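Here's the structure we're looking at; comments come further down.
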Amino acid sequence: MNIEQKIRQAALEAVEKLYGVADEASVQISKTRKEFAGDYTLVVFPLLKASRKSPDATANEIGEYLAANHPDVEGFNVIKGFLNISLRASFWAARFEEIAADPEFGRGASTGRTVMVEYSSPNTNKPLHLGHIRNNLLGWSVAEILRECGDTVLKGNLVNDRGIHICKSMLAWQMFGGGETPESTGMKGDHLVGKYYVEFDKRYKAEQRELMAQGVTEEEAKKSAPMILAAQEMLRKWEARDPEVYALWERMNGWVYDGFERTYRRLGVDFDRMYYESQTYLLGKSLVEEGLARGVFYRRDDGSVWCDLTADGLDEKLLLRADGTSVYMTQDLGTAYRRFEDERLDALIYVVGNEQNYHFQVLKLLLAKLGYGEWADAIYHLSYGMVELPEGKMKSREGTVVDADDLVEGMVETAREMSAELGKLDGLSTEEAAEIAETVGLGALKYFILKVDPRKTMLFDPRESIDFNGNTGPFIQYTHARIRSVLRKGAEISRNADGGLGGAGDGNCEIVYVPQELELIKMLCDYPAVVRQAGESHSPSLVAAYAYDLAKLYNSYYHDHSILKESAEAVRDFRLRLSAEVAGVIRRAMRLLGIIVPERM
RNA sequence: GGUCUCGUAGCUCAGUUGGAUAGAGCAACAGCCUUCUAAGCUGUCGGUCAAGCGUUCGAGUCGCUUCGAGAUCACCA
0 MNIEQKIRQA ALEAVEKLYG VADEASVQIS KTRKEFAGDY TLVVFPLLKA SRKSPDATAN
60 EIGEYLAANH PDVEGFNVIK GFLNISLRAS FWAARFEEIA ADPEFGRGAS TGRTVMVEYS
120 SPNTNKPLHL GHIRNNLLGW SVAEILRECG DTVLKGNLVN DRGIHICKSM LAWQMFGGGE
180 TPESTGMKGD HLVGKYYVEF DKRYKAEQRE LMAQGVTEEE AKKSAPMILA AQEMLRKWEA
240 RDPEVYALWE RMNGWVYDGF ERTYRRLGVD FDRMYYESQT YLLGKSLVEE GLARGVFYRR
300 DDGSVWCDLT ADGLDEKLLL RADGTSVYMT QDLGTAYRRF EDERLDALIY VVGNEQNYHF
360 QVLKLLLAKL GYGEWADAIY HLSYGMVELP EGKMKSREGT VVDADDLVEG MVETAREMSA
420 ELGKLDGLST EEAAEIAETV GLGALKYFIL KVDPRKTMLF DPRESIDFNG NTGPFIQYTH
480 ARIRSVLRKG AEISRNADGG LGGAGDGNCE IVYVPQELEL IKMLCDYPAV VRQAGESHSP
540 SLVAAYAYDL AKLYNSYYHD HSILKESAEA VRDFRLRLSA EVAGVIRRAM RLLGIIVPER
600 M
């Protein structure tokens with residue numbers, strides 16, 4: 000039970016004793032706002048019916064009861080129907096000792112739940128871009144947060160390695176590639192394959208224009224252009240396991256995987272389970288057959304298979320094309336089936352953009368219709384918002400796509416320049432300097448993405464570099480580095496001094512805390528609840544906001560009070576220990592965001 | 001057209017079961033380094049929470065309407 004819950008319990012007890020009722024819903028406890036004295040606040044308005052007294056009288060009555068019956072309550076004040084309760088410094092001192100004694104502070108006990116978080120899920124026909132970065136960072140962070148909350152978490156990646164779009168880049172490379180390879184060009188494999196995906200589109204569009212010039216309608220031109228017909232033919236061959244097409248597919252996918260692997264490693268994301276649609280689409284097809292047999296789906300005259308969802312307020316959904324090849328939904332059904340069968344999941348979280356809300360609505364509905372209602376209920380679509388540019392959505396046709404590798408490299412480069420400018424790299428080896436640039440550059444990028452509520456569309460302006468000052472990753476990293484620096488010096492002093500610094504327990508009863516010290520302890524106490532709430536709402540942004548607030552509060556403390564120059568040994572000792580705990584919680588919180596906090600920067 | 005999401009300071013964002021005088025950062029301006037790292041600290045400026053109506057002790061938060069922006073409804077994924 001956390002502190003807020005204990006206060007609530009006490010208030011509930013007071014209300015019951017005083018008014019003879021115990022209505023849980025009407026006892027509202029929240030943290031007292033900064034501008035008022037006190038730690039926790041009880042809103043008494045909902046209790047007036049029971050007390051039959053004025054707001055102030057009710058609040059005073061409850062306050063007096065709490066002060067008399069709970070030794071940790073130091074006092075209270077009443078303002079306009081708000082009862083502000085203050086707890087004793089000794090209470091907070093005890094909480095601090097608990098935190099300091101817990102090396103895994105914030106980690107929850109095992110929930111017994113097994114959860115899979117699916118994220119990343121790239122297509123193997125083009126390199127990753129800014130949108131994928133948000134997906135990867137979010138998915139990784141949500142998985143780590145849930146793990147910290149006590150769930151058994153599996154990170155899953157479903158690679159979209161088959162389909163008409165893959166055939167497009169294969170075809171273009173076959174036709175115009177001239178045998179180019181990553182080795183021969185020095186290009187990262189995913190970028191090379193992406194180049195041919197773009198090439199396909201260019202040629203295909205040209206063919207359409209040509210046909211339309213001959214009087215063919217746009218729609219007809221789209222369907223009958225030779226390029227698209229060839230791609231469709233290639234997909235049929237692939238599903239028939241044509242050896243030549245299959246070999247080409249394996250070769251080009253291999254290039255892409257090498258490229259993705261490098262991007263993933265640099266971003267610091269990882270996976271416990273890899274799924275490939277090429278290995279699950281057949282399962283999906285058999286599920287569709289099952290649905291046909293049971294009359295859930297139906298076949299049209301042209302051979303295509305559909306599900307009629309109009310009774311559920313949706314449209315008709317295609318599940319197999321007329322030529323028998325499968326679509327996105329077909330393979331997704333198969334993958335969902337495989338996962339639930341193999342892993343006994345209590346929850347399956349899909350980290351997928353909100354542009355696919357409809358798809359997941361349909362997926363759950365189809366699973367339920369097929370008789371897997373339990374699985375459908377266990378699926379949660381973490382529907383995150385798009386990253387937009389000032390001119391709107393990224394469009395590959397207009398060349399406005401922000402490439403993931405370029406973006407990361409740019410951030411690291413900026414971090415390097417800024418560090419050098421500030422003289423932070425003086426006296427460091429090349430390796431150390433490079434490591435700091437990498438840590439800070441990625442820290443800025445990750446924090447920039449993760450501080451925003453996942454559900455909201457966010458804006459990224461490539462012309463303005465991501466900040467390194469203010470509410471940013473580097474700000475928090477810097478706070479940590481500064482604390483670590485103080486701690487290193489503190490340890491040195493203690494080595495040189497005779498008796499060293501005092502031990503943890505000696506004389507701590509007499510320390511008079513400055514206000515910021517109490518505030519820091521209280522904020523440290525909040526950390527586990529923040530992690531839990533972030534897990535429940537799948538929002539790393541809550542952890543980001545917390546880490547920022549903690550760093551900010553510490554910075555003002557650091558500015559106002561000297562630690563190493565403090566003459567009273569017990570006070571100096573406490574300040575060092577408090578600083579160490581702040582650094583520790585910052586490190587733990589930032590780790591959940593995938594951000595490394597450096598020892599120096 | 002149907003369904004859904006969003007609209008908070010010049011800009012980027014917080015504000016999560018409805019609670020007190022709506023908060024940060026950036027930008028602008030004014031201060032603070034002989035003192036533990038100034039990627040820092042302090043202050044000033046900046047708001048009709050898109051608009052209106054309603055629900056109630058109380059609404060940025062809940063409901064309805066209007067306006068504005070976006071997503072989606074593919075034999076693309």
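Per numbering that gives the first Met the number 0, residue 0 is the first one in the first sequence, and the count goes up by one each step.
Here a beta-carbon is modelled for each residue, glycine too, at the ideal position from N, C-alpha and C.
These numbers were taken from a predicted model, which means no experiment stands behind them.
Problem set entry | Entirely enclosed alpha helix (DSSP H) segments - the region 20 to 74, minimum 4 residues | 47 to 50, 54 to 68
Exercise. From glycine 19 to leucine 86, what does the alpha carbon distance come to, in whole angstroms?
Worked result: 26 Å
For this session: Please classify arginine 602: does DSSP put it in a helix, a strand, or coil?
Result: What the structure shows of the chain is the stretch from 0 to 600, and residue 602 is not part of that stretch, so it cannot be assessed.
Exercise. Based on Cα-Cα distance, which residue from Thr180, His164, His479, Met115 lies nearest to threonine 334?
Worked result: Met115
Problem set entry | Reference glutamate 397, options Val407, Glu340, Val197, Cys524, closest by Cα | Val197
Exercise. Expressed to the nearest angstrom, what Euclidean distance is found between the alpha-carbon atoms of glutamate 260 and serine 119?
Worked result: 12 Å
For this session: Please work out which residues of its chain come closer than 6 Å, Cβ to Cβ, to leucine 500, disregarding the five sequence neighbours upstream and downstream, and give them in chain order.
Result: Its pLDDT being 45, under 50, leucine 500 is placed unreliably in this model, and the coordinates cannot settle the point.
Problem set entry | CA-to-CA distance, aspartate 345 to leucine 17, given in whole angstroms | Cα to Cα, the separation comes out at about 44 Å.
Exercise. According to DSSP, which residues form a beta bridge with aspartate 307?
Worked result: For aspartate 307, the pairing in a beta bridge is given by DSSP as Glu315.
For this session: Per DSSP, which residues does alanine 154 bridge with? Please list them.
Result: Per the sequence shown, the amino acid found at residue 154 is lysine instead of alanine. Val116.
Problem set entry | Secondary structure of leucine 441, DSSP reduced to three states | In the structure shown, leucine 441 sits in a helix (DSSP, three-state: H, G or I).
For this session: Return the first residue and the last residue of the beta strand (DSSP E) that histidine 380 is part of.
Result: Residues 378 to 383.
Exercise. Anyone know if the C-beta pair for leucine 191 and glutamate 179 falls short of 8 Å?
Worked result: yes
Problem set entry | Sequence-distant residues of the same chain with beta carbon closer than 8 Å to glycine 176, five excluded per side | Tyr195
For this session: Count the CB pairs spanning the region 357 to 370 and the region 305 to 323 that are closer than 8 Å, and state whether there are at least three.
Result: yes
For this session: Report the three-state DSSP secondary structure of glycine 426 (helix, strand or coil).
Result: coil
For this session: State buried or exposed for glutamine 8, treating a residue as buried only when at least 16 other CB atoms are found within 10 Å of its CB.
Result: exposed
For this session: Per DSSP, which residues does serine 325 bridge with? Please list them.
Result: Note: serine 325 sits in a beta bridge opposite Leu319.
For this session: Indicate the three-state DSSP secondary structure (helix, strand or coil) for histidine 537 in the structure shown.
Result: coil
Exercise. Do serine 555 and the ligand MN come close, with the Cβ less than 7 Å from some heavy atom?
Worked result: Ligands displayed in this structure: none; no statement on the ligand MN is therefore possible.
For this session: Note the first and the last residue of the continuous beta strand (DSSP E) segment covering alanine 346.
Result: 346 to 352
Exercise. When DSSP builds the beta bridges, which residues end up paired with glutamate 342?
Worked result: Glutamate 342 pairs with nothing; no bridge assigned.
Problem set entry | Cut-off 7 Å between Cβ atoms - residues of its own chain near arginine 586, not counting five sequence neighbours on either side | His479, Val596
Exercise. If we count the other Cβ atoms within 10 Å of its Cβ and call it buried at 16 or more, is proline 539 buried or exposed?
Worked result: It is buried - the Cβ of proline 539 has at least 16 other Cβ atoms within 10 Å.
Exercise. Considering methionine 251, what are the terminal residues of the alpha helix (DSSP H) in which it resides?
Worked result: 242 to 266
For this session: Ignore the nearest five residues each way along the sequence and tell me which others in phenylalanine 270's own chain have a CB closer than 7 Å to its CB.
Result: The beta carbon of phenylalanine 270 sits closer than 7 Å to the beta carbons of Lys154, Gly155, Asn156 from its chain, once the five residues preceding and following it are set aside; these are given in chain order.
Exercise. The beta strand (DSSP E) spanning phenylalanine 296 covers which residue range?
Worked result: Phenylalanine 296 -> no beta strand (DSSP E), and no H or E assigned at all.
Exercise. Can you give the Cα-Cα distance for valine 511 and alanine 24, rounded to whole angstroms?
Worked result: Note on geometry: alpha-carbon atoms of valine 511 and alanine 24 lie some 38 Å from one another.
Problem set entry | Where the alpha helix (DSSP H) containing isoleucine 84 begins and where it ends | That residue, isoleucine 84, is in no alpha helix (DSSP H); its beta strand (DSSP E) goes 81 to 86.
Exercise. Taking Cβ positions, are glycine 384 and arginine 454 nearer each other than 8 Å?
Worked result: yes
Problem set entry | Identified DSSP bridge partners for aspartate 402 | Under DSSP, the beta-bridge partners assigned to aspartate 402 are His128.
Exercise. Taking DSSP as the reference, what is the three-state secondary structure of isoleucine 78?
Worked result: strand
Problem set entry | Among Ser168, Glu34, Val295, the one whose alpha carbon lies nearest that of aspartate 200 | Nearest C-alpha to aspartate 200 among Ser168, Glu34, Val295: Ser168.
Problem set entry | DSSP-derived helix/strand/coil call for leucine 369 | Look at leucine 369 here: in three-state DSSP terms it is coil, with no helix or strand label.
Exercise. Among Leu82, Val255, Thr471, which residue has its Cα nearest to the Cα of asparagine 124?
Worked result: Val255
Problem set entry | Bridge partners - methionine 457, DSSP secondary structure assignment | Val386
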